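Below is one structure, written out as structure tokens; the observations come after it.
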DNA sequence: GTCTATAGCAGGATAGAC
DNA sequence: GTCTATCCTGCTATAGAC
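Chains as they are written, first to last, in my numbering: chain Z, 1 to 215; chain U, 1001 to 1215.
See below:
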């Protein structure tokens, strides 16, 4: 039987369901049976299409995670182009918006960052994909963008620490929704997300060693 | 046979080994067999002392995780008392030092934050312990400390967002050592940790809406 | 309290019919 | 490509000797 409703191939369906489950529960907590049952397809289909469970997991990163990372990156670049300048304020705003409000649905965004966090706390082969093909290039790009606006005395390490700090906030507000909601007492609605973006920009900006006090 | 070397009871030994393994691999990836083999004690000992695997996991939080959280808190208060004032600069410095250099060994600190992250991404009953008994009180304390130094126009939500942002950095630099090291290109030695603390203080301080520009 | 033996079940993977 | 039946391993948990 063709899985789920419609035109998707079994393969795609497996990838989609697997992503959701791996993100929510982690690799070891998900069984192949749970995946195939949820995807309404056969137990043997995972082995037929991917060889084994581990390769399915890797392909979730290769085929789905990477794609989302590219969407986010494209959104960032679009946002930035719309700003008309590349001041730290514009860069951070564009970045925070792409990552927090960005092109993904809330659910997709959650899965994306949960998978990322899982690879950071217990790296597998997928870590290389996350690191080399996504984070490193992004951070290098940001470094280039910030460079002209920072004091000459600021060395590369310090610039990187600043970028990592901004990234840590974005990451945290994405993956730690539960504790954040408990503490702040709001849901993650549109209004709160706007506020988060504004907060990240404000907090980051004044924290960055920019030449002049913008704003 | 008495487990491991020495005076520790089997129970303590199980808790110690379980904490390490649960932190490194996550609940589902660790089997009771692995725990008892590593602890050099009997397969049945987990069920004898804790009833089942899940209760062992919970007790790791109740008996070990909470204790560490208390050490860190005590260290923070000691640091702060040593400062002689409660300016945001002193508070953040005391906090960052307690969390990044603090009273724990590197290994203990790593486990502590890995367990915390795991509960944040996939909460179990232990989440309540982490949240209600540790994070909430800490954040409320910080709120009180910052209050007198913030603009009157800053509402509670904004103060909390600021505290969460500082926390996100500390958390990130503790649990994401691997990607951080890859990007910065240093190990987490004493010198780098000093630098991290300094960076967090600098970045946070100028980011906080304090009345006057300290430093 | 400690240990062995084992029940009972769920997991990944595969063979082979269709 | 799909599906069923099945192998085999490894899991948690327990019973019962010591």
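A virtual CB, placed ideally from N, CA and C, is assigned to each residue, including glycine. Since the model is a prediction, treat every value here as computed from it, not as a measurement.
Check, Outcome
"In whole angstroms, what is the alpha-carbon distance linking residue 1012 of chain U and residue 151 of chain Z?", "53 Å"
"Whose C-beta lies closer than 7 Å to the C-beta of residue 1058 of chain U among residues of the same chain, with five residues either side of it excluded?", "1125, 1126"
"Where does residue 137 of chain Z land, buried or exposed, given buried means 16+ other C-beta within 10 angstroms?", "exposed"
"Where DSSP assigns a beta bridge to residue 80 of chain Z, which residues make up the other side?", "Paired residues: none, contrary to the question."
"Is residue 1040 of chain U close to chain Z? Criterion is C-beta to C-beta, closer than 8 Å.", "no"
"List, in chain order, every chain Z residue whose beta-carbon is nearer than 9 Å to that of residue 1111 of chain U.", "Simply none; closest approach about 11 Å."
"What is the rounded straight-line gap between the Cα of residue 24 of chain Z and the Cα of residue 122 of chain Z?", "15 Å"
"Would you list, in chain order, the members of the stretch 167–181 of chain Z that have their beta-carbon closer than 8 Å to a beta-carbon of chain U?", "167, 168, 169, 171, 172, 173, 175, 176, 178, 179, 180"
"Could you work out which residue in Z/205, Z/17, Z/35 is closest to residue 149 of chain Z when comparing CA atoms only?", "Z/205"
"Examine the Cβ distances between the stretch 60–68 of chain Z and the stretch 26–35 of chain Z and report whether three or more of them are shorter than 8 Å.", "no"
"Please classify residue 150 of chain Z: does DSSP put it in a helix, a strand, or coil?", "strand"
"Determine, using beta carbons only, whether residue 1223 of chain U comes closer than 8 Å to chain Z.", "Because chain U in this structure spans residues 1001 to 1215, residue 1223 of chain U falls outside the shown range and cannot be described."
"Straight-line CA distance for residue 1040 of chain U to residue 1191 of chain U?", "37 Å"
"Determine whether the Cβ of residue 219 of chain Z lies closer than 8 Å to any Cβ atom of chain U.", "Residue 219 of chain Z lies beyond the stretch modelled for chain Z, which goes from 1 to 215, so this question has no answer here."
"With DSSP as the reference, label residue 1025 of chain U as helix, strand or coil.", "helix"
"Indicate whether residue 1046 of chain U and residue 1036 of chain U have their beta-carbon atoms separated by less than 8 Å.", "yes"
"Taking 8 Å as the limit between beta carbons, can you name the residues of its chain near residue 1171 of chain U, skipping five residues before and five after?", "1113, 1116, 1117"
"Does residue 142 of chain Z pass the burial test, meaning 16 or more other C-beta atoms within 10 Å, or should it be called exposed?", "buried"
"Can you list, in chain order, the residues of its chain with a C-beta nearer than 8 Å to that of residue 1001 of chain U? Leave out the 5 residues immediately preceding and following it.", "In this prediction, residue 1001 of chain U has a pLDDT of 43, which is less than 50 and means its spatial position is unreliable; what the coordinates show is noted afterwards. Only 1040, 1041 meet the Cβ criterion."
"Quick check: is the beta carbon of residue 1199 of chain U nearer than 8 Å to any beta carbon in chain Z?", "yes"
"Taking a cut of 8 Å between CB atoms, which residues from the stretch 100–124 of chain Z lie near chain U?", "114, 117, 118, 120, 121, 122, 123"
"At a Cβ threshold of 8 Å, is residue 35 of chain Z touching chain U?", "no"
"In its own chain, which residues sit with a C-beta less than 7 Å from the C-beta of residue 1079 of chain U, not counting the 5 before and 5 after it?", "1094, 1097, 1098"
"Given that residue 25 of chain Z touches chain U, what residues does it touch there, using C-beta distances under 7 Å?", "1122"
"Can you look up residue 188 of chain Z in the DSSP assignment and give me helix, strand or coil?", "coil"
"For residue 178 of chain Z and residue 1120 of chain U, I'd like the C-alpha separation in whole angstroms.", "7 Å"
"Restricting to Cα atoms, I'd like to know which of U/1156, U/1173, U/1183, U/1193 is closest to residue 185 of chain Z.", "U/1156"
"How big is the Cα-Cα spacing for residue 1050 of chain U and residue 1128 of chain U?", "20 Å"
"Taking residue 188 of chain Z as the reference, which of Z/160, Z/48, Z/69, Z/173 has the closest Cα?", "Z/173"
"Taking CB distances under 8 Å as the criterion, tell me whether residue 214 of chain Z reaches chain U.", "Residue placement at residue 214 of chain Z is flagged as unreliable, the pLDDT there being 34, under the threshold of 50; the coordinate-derived value follows with that caveat. No, residue 214 of chain Z lies away from the interface with chain U (no Cβ there is under 8 Å from its Cβ)."
"What number of angstroms, rounded off, separates the C-alpha of residue 139 of chain Z from the C-alpha of residue 1180 of chain U?", "11 Å"
"Report the residue from Z/158, Z/144, Z/56, Z/87 whose alpha carbon sits nearest the alpha carbon of residue 201 of chain Z.", "Z/87"
"So, is the C-beta of residue 161 of chain Z closer than 8 Å to a C-beta in chain U?", "yes"
"How big is the Cα-Cα spacing for residue 1008 of chain U and residue 72 of chain Z?", "51 Å"
"I'd like the list of long-range same chain contacts for residue 16 of chain Z, defined as Cβ closer than 8 Å, with 5 residues on each side in sequence excluded.", "8, 39, 64"
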